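Going left to right, the sequence shown walks through residues 1295 to 1484 as our numbering numbers them.
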Amino acid sequence: MELITFLEKYQKLHSQEKDLILAHQRVITLPKGEHFHVAGKRCQNIGFVKSGILRTYFYDSEGQEFTKYFIQKGQLAVNLQSFNEGTPADDFLIAETDVTLIMLSKSVLHMFSEKISNWDTTAKKIIETKLLEKLTAKNNMLNQGATDRYLSFMEANPEVMGNVALGHIASYLGITQSTLSRIRRKIVHF
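Below, the structure is given as structure tokens:
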């Protein structure tokens, strides 16, 4: 029912519509280290995170890995551009912990748009809201120094702390792991 609760934040669903969604969702488990999607492949599924943490990352032209963001319980896991346009993904989505996802395929979502009233409008609202949340978080980070970025991240993402490698957190924050270690030592001594 978690997915239904999430969707009903955006649109009231009739019992038949809920039944349709429940009948076509698939629950999958990804063990830590397994990918939900990989760069170079088309993203054909959207996952709604029931539990666990995923990380989206990519490699630059020199082969260095960078973390884009983390996806946690109650959030959607998808490379939206690849999913919508049918193009190969430019990033990877990996389970940082054991993850349980409610998965919906592209074909199922197309069927929902035919059988659930206002589905396309609801999907658009969800996408706009989630993209705005990501942009706001990134813009806030741009206006903060490294220590404030880390403190804000800790406050907003307590589940990530202790469950994800510090190197991935440093990469997300746009700092080196040694800088993150200095920040953490400084915070402990306050």
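Built from N, CA and C at the ideal position, the CB exists for glycine as well. Just so we're clear, the structure is a prediction, and the values are computed from it rather than from any experiment.
Coil, strand or helix - residue 1433 by DSSP: helix
Reference residue 1343, options 1354, 1302, 1322, 1412, closest by Cα: Closest by C-alpha distance to residue 1343, out of 1354, 1302, 1322, 1412, is 1322.
State the start and end residues of the unbroken alpha helix (DSSP H) segment that holds residue 1402. 1400 to 1409
Mind checking which residues open and close the alpha helix (DSSP H) that includes residue 1446? 1440 to 1450
C-alpha distance - residue 1363 paired with residue 1446, whole-angstrom precision: 14 Å
Do the stretch 1325 to 1339 and the stretch 1431 to 1449 touch if we need at least three Cβ pairs shorter than 8 Å? no
According to DSSP, is residue 1466 part of a helix, a strand, or is it coil? Residue state, collapsed to three classes: helix.
Output the residue ranges of the beta strand (DSSP E) runs that lie fully inside the stretch 1346 to 1399 and measure 3 residues or longer, sorted by chain position. 1348 to 1353, 1359 to 1365, 1386 to 1389, 1393 to 1399
Taking the alpha-carbon positions, what's the residue 1312 to residue 1461 distance? 41 Å
Using CA atoms only, rank isn't needed, just tell me which of 1480, 1325, 1300 is closest to residue 1392. 1325
Rounded C-alpha distance that separates residue 1458 from residue 1418: 31 Å
Would you identify the three-state DSSP class for residue 1324, choosing helix, strand or coil? strand
If contacts are defined as beta-carbon pairs under 8 Å, then residue 1383 and residue 1331 qualify, I think. What distance do you get, rounded to the angstrom? The pair is a contact, with the Cβ atoms about 5 Å apart (cut-off 8 Å).
DSSP beta-bridge partners for residue 1339? 1399
Would residue 1361 and residue 1385 qualify as a contact pair, given that the criterion is a beta-carbon distance under 7 Å? no
Can you tell me which of the three DSSP states residue 1306 falls into? coil
Cα-Cα, which of 1477, 1411, 1320 is closest to residue 1305? Per the Cα distances, 1411.
7 Å Cβ cutoff met for residue 1366 and residue 1453: Yes, Cβ-Cβ distance for residue 1366 and residue 1453 is below 7 Å.
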